[in-house]
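Visitor: Please find one structure pasted underneath; my questions will follow.
Protein chains: 2
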Amino acid sequence: MRDVARRAVRAEIAAKAMELFLEQGFEETTVNQIAAVVGMSGRSLFRYFDTKEDMVIGGLVELGQDVAAALEDRPADEEPWSALRHALEVCVTSLEDDEVGLRRAKMLAETPSLRTAMLDKQLRWQRMLVPHVERRLRASGQPEAAKTAKAAQSLRARALVSAALGCLDVAATVWTEVGGGRPLTNLVDDAFAAVRS
Amino acid sequence: MRDVARRAVRAEIAAKAMELFLEQGFEETTVNQIAAVVGMSGRSLFRYFDTKEDMVIGGLVELGQDVAAALEDRPADEEPWSALRHALEVCVTSLEDDEVGLRRAKMLAETPSLRTAMLDKQLRWQRMLVPHVERRLRASGQPEAAKTAKAAQSLRARALVSAALGCLDVAATVWTEVGGGRPLTNLVDDAFAAVRS
DNA sequence: CCTAGCTTGTCACTCACTGACAATCGTGTC
DNA sequence: GACACGATTGTCAGTGAGTGACAAGCTAGG
């Protein structure tokens with residue numbers, strides 16, 4: 001119940017901060033400015049967000065959980081690569097539906113510290129998705145063949161997830177470059193197809 | 001000629017800094033400590049390196065150029081994915097030959113700010129490699145078929161490079177986790193094979 | 001009412017990093 | 001040898017993110 005309030009405050013801060021960021025740029029906005037707008041002390045802001053970057057990309061952890069859930073829901077006999085592609089569709093729709101999604105994505109691409117923070121989040125996604133893919137590899141693999149060493153399977157799973165997230169990232173980058181002119185879904189499809197080769 | 005001196009000073013600073021980093025940790029080492037050991041003012045350090053992280057991963061830009069050169073040297077009719085794999089071998093040997101490579105890689109994996117700086121460098125590599133892969137795609141593609149739009153080809157090239165660098169990263173991570181027990185080359189091979197699927 | 005816990009503001013601090021200015025050093029010229 | 005020029009450096013002051021400590025206030029339960 002207290003968690004609800006906390007979550008609401010976080011959202012409020014993130015929203016007001018995003019306004020300022022889009023208006024005058026991320027690096028040009030100081031945390032004290034945000035604090036003033038929100039009506040809090042600068043110190044208290046850091047009781048809701050670990051870093052300034054988190055105010056922009058903080059919500060992405062939950063989205064990662066959604067992707068993991070979507071991956072879990074895919075049919076068990078589907079190939080990992082295809083399952084990953086379909087699971088990532090929740091990101092695509094999330095990006096396309098958000099009205100400020102494009103502007104935010106642009107800022108994200110142009111601001112170095114935000115870009116790296118974003119890559120950091122992708123790493124967390126990777127850790128969340130890898131176990132599912134490992135399970136999939138174990139299931140779809142030759143069951144009687146001496147299972148390749150666990151470590152090797154983990155490596156394969158990580159490589160797949162890393163490649164898939166890389167495809168999403170590349171597609172999103174191109175998407176912002178063309179100003180949202182082409183549907184993101186198609187771009188992701190192309191990227192996935194290119195890697196499968 | 002003055003450039004030589006500058007390069008030598010950079011190397012000297014990086015070496016002494018690395019000693020301190022490995023000894024007491026990256027975040028626990030302040031730039032003023034480094035300055036004291038090197039015999040410079042803290043201000044001057046930043047005339048040789050843009051950031052503290054650059055003292056660790058500054059030399060990686062040149063390595064990226066080596067990879068690009070290696071990619072250029074691969075036979076023109078080789079598939080892009082295979083060419084990328086072989087080109088990245090220069091990274092593998094560079095990592096395996098370096099005696100402190102493993103310890104540095106471990107520190108790199110454990111220190112968040114270094115990890116993100118590393119991902120940043122990978123982005124630069126990506127931009128360096130993409131043009132070569134684009135050329136390769138244009139060459140190996142169906143020449144008479146209406147060329148897919150340039151943007152689409154760029155997307156495919158970026159996806160391939162991103163996936164390849166992701167494989168290298170994953171392999172290097174596993175490599176540090178097993179303490180260098182398995183040859184890095186094999187790990188990279190496995191990762192590349194897993195994605196080609 | 002009063003106590004216990006949580007949230008907040010304030011203050012002081014660290015540290016990476018930057019701009020400005022003056023001092024210094026090396027080099028080439030007359 | 002004196003001089004001027006450019007590049008490198010030290011010093012100083014400052015910004016801005018982020019942290020620790022402490023005290024004040026709000027809220028809930030006995």
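Going down the list, the protein sequences come from chains Y and X. Using UniProt numbering, the first residue of the first sequence is number 1, and each one after it goes up by one. Using UniProt numbering, the first residue of the second sequence is number 1, and each one after it goes up by one. Every residue, glycine too, gets a C-beta built ideally from N, C-alpha and C. As the structure is a prediction and not an experimental result, all values here were calculated from the model.
Applying the criterion that 16 or more other CB atoms from any shown protein chain within 10 Å of the CB defines a buried residue, is X:T176 buried or exposed?
Guide: Buried, since its Cβ has 16 or more Cβ neighbours within 10 Å.
Visitor: What are the start and end residues of the alpha helix (DSSP H) that includes Y:P73?
Guide: Contrary to the premise, residue 73 of chain Y reads as Asp rather than Pro in this sequence. Y:D73 -> alpha helix (DSSP H) spans 60 to 73.
Visitor: Grab me the residues of X:K52's own chain with a C-beta within less than 7 Å of its C-beta, minus the 5 sequence neighbours each way, in chain order.
Guide: Answer for X:K52: V31, listed in chain order.
Visitor: Could you spell out the range, first to last residue, of the alpha helix (DSSP H) harbouring Y:E19?
Guide: Y:E19 -> alpha helix (DSSP H) spans 2 to 24.
Visitor: If X:F49 sits next to X:G58, beta carbons under 8 Å apart, how far is it from one beta carbon to the other, in whole angstroms?
Guide: Confirmed, about 6 Å.
Visitor: Starting from Y:L88 and walking both ways along the alpha helix (DSSP H), at which residues does that stretch end?
Guide: From DSSP, Y:L88 is part of no alpha helix (DSSP H); its letter is neither H nor E.
Visitor: Tell me which residues of the stretch 170 to 188 of chain X have at least one Cβ-Cβ distance to chain Y shorter than 9 Å, keeping chain order.
Guide: Those residues of the stretch 170 to 188 of chain X that come within reach of chain Y (Cβ to Cβ, closer than 9 Å) are V170, A171, T173, V174, E177, V178, R182, L187.
Visitor: What's the C-alpha gap between X:A36 and X:L45?
Guide: One C-alpha to the other measures close to 10 Å.
Visitor: Closest to Y:R182 by C-alpha separation, out of Y:L108, Y:M128, Y:L102, would be which residue?
Guide: Residue Y:L102 is the option with its Cα nearest to Y:R182.
Visitor: Does chain X have any CB closer than 8 Å to the CB of Y:V38?
Guide: It does not: the Cβ of Y:V38 has no partner Cβ on chain X nearer than 8 Å.
Visitor: Looking only at its chain, what residues have a beta carbon closer than 8 Å to the beta carbon of Y:V67, apart from the 5 residues adjacent to it on each side?
Guide: Only A87, L88, V90, C91, W125, M128, L129 meet the Cβ criterion.
Visitor: Give me the Cβ distance between Y:P80 and Y:V133, rounded to the nearest whole Å; I'm assuming they're in contact under 8 Å.
Guide: That belief holds up - the Cβ atoms of Y:P80 and Y:V133 are roughly 5 Å apart, short of 8 Å.
Visitor: Tell me where the alpha helix (DSSP H) around Y:E177 begins and ends.
Guide: Per DSSP, Y:E177 belongs to the alpha helix (DSSP H) from 150 to 177.
Visitor: Check the Cβ of Y:C91 against every Cβ in chain X and list those closer than 7 Å, keeping chain order.
Guide: Under the 7 Å cutoff, chain X gives no residues; its nearest Cβ is about 16 Å from Y:C91.
Visitor: So with CB distances below 8 Å, who are the chain Y contacts of X:G166?
Guide: Going along chain Y in sequence order, the residues near X:G166 (Cβ under 8 Å) are A159, S162, A163, L165, G166.
Visitor: Any beta carbon from chain X within less than 8 Å of Y:V195's own beta carbon?
Guide: Output row for Y:V195: interface = yes.
Visitor: Which two residues bound the contiguous alpha helix (DSSP H) that contains X:M40?
Guide: Segment: none, X:M40 is in no alpha helix (DSSP H) and carries neither H nor E.
Visitor: If you draw a straight line from the alpha carbon of Y:D77 to that of Y:S140, how long is it in whole angstroms?
Guide: The straight-line gap from Cα to Cα measures roughly 7 Å.
Visitor: For Y:A14, count neighbouring C-beta atoms within 10 Å of its own C-beta (all shown protein chains included) and say buried if the count is 16 or more, exposed if not.
Guide: Looking at its Cβ environment, which holds 16 or more other Cβ atoms inside 10 Å, Y:A14 is buried.
Visitor: Once DSSP output is grouped into helix, strand and coil, what is the label at Y:E78?
Guide: Correct three-state label for Y:E78: coil.
Visitor: Compare the Cα-Cα distances from Y:K150 to each of X:Q65, X:R47, X:K121, X:V178 and report the closest residue.
Guide: When each option's Cα is compared against that of Y:K150, the closest is X:V178.
Visitor: Secondary structure at X:D189, three-state DSSP: helix, strand or coil?
Guide: In the structure shown, X:D189 sits in a helix (DSSP, three-state: H, G or I).
Visitor: Since X:A109 and Y:V195 should fall inside the 8 Å C-beta cutoff, what is the C-beta to C-beta distance between them, to a whole number of angstroms?
Guide: That pair is no contact at about 25 Å.
Visitor: Between Y:L119, Y:S41, Y:T29, which lies nearest to Y:V170 when the distance is taken from Cα to Cα?
Guide: It is Y:L119 whose Cα lies nearest to the Cα of Y:V170.
Visitor: What does Y:L155 touch in chain X if you count any residue whose Cβ is under 8 Å from its own?
Guide: V170, A171, V174, L187, D190, A191, A194, listed in chain order.
Visitor: From which residue to which residue does the alpha helix (DSSP H) around Y:V100 run?
Guide: Per DSSP, Y:V100 belongs to no alpha helix (DSSP H) and is neither H nor E.
Visitor: Looking only at C-alpha atoms, which of X:R85, X:L114, X:A17, X:A152 sits nearest to Y:D189?
Guide: Ranking X:R85, X:L114, X:A17, X:A152 by Cα distance to Y:D189 puts X:A152 first.
Visitor: Do you know offhand how far Y:R156's Cα is from X:R43's?
Guide: So the two alpha carbons sit approximately 45 Å from each other.
Visitor: Are Y:E95 and Y:A83 close, meaning C-beta to C-beta below 8 Å?
Guide: Correcting the residue identity first, residue 95 of chain Y is Leu in this sequence and not Glu. No, they are not a contact pair.
Visitor: Taking the alpha helix (DSSP H) that X:R182 falls in, what are its first and last residues?
Guide: No alpha helix (DSSP H) holds X:R182; DSSP gives it neither H nor E.
Visitor: Which word fits residue 202 of chain Y, buried or exposed, when buried means at least 16 other C-beta atoms lie within 10 angstroms of its C-beta?
Guide: Any property of residue 202 of chain Y remains undetermined from this structure, which presents chain Y solely from 1 to 197.
Visitor: Any C-beta of chain X within less than 8 Å: which residues of the stretch 109 to 124 of chain Y qualify?
Guide: So the list reads P112, R115, T116, A117, L119, D120, L123, given in the order they occur along the chain.
Visitor: Could you tell me the distance, in whole angstroms, from the CA atom of Y:I34 to the CA atom of Y:E28?
Guide: Approximately 11 Å, taken between the alpha carbons.
Visitor: Spell out whether any CB of chain Y is found under 8 Å from the CB atom of X:P5.
Guide: The question names Pro, yet the displayed sequence has Ala at residue 5 of chain X. Output row for X:A5: interface = no.
Visitor: Give every residue of the same chain whose Cβ lies closer than 8 Å to the Cβ of Y:L63, excluding the five residues on either side of it in the sequence, and list them in chain order.
Guide: Cβ neighbours of Y:L63 beyond the five flanking positions: V90, C91, S94.
Visitor: Under 8 Å, Cβ to Cβ, is there at least one residue of chain Y near X:A151?
Guide: Interface residue, yes.
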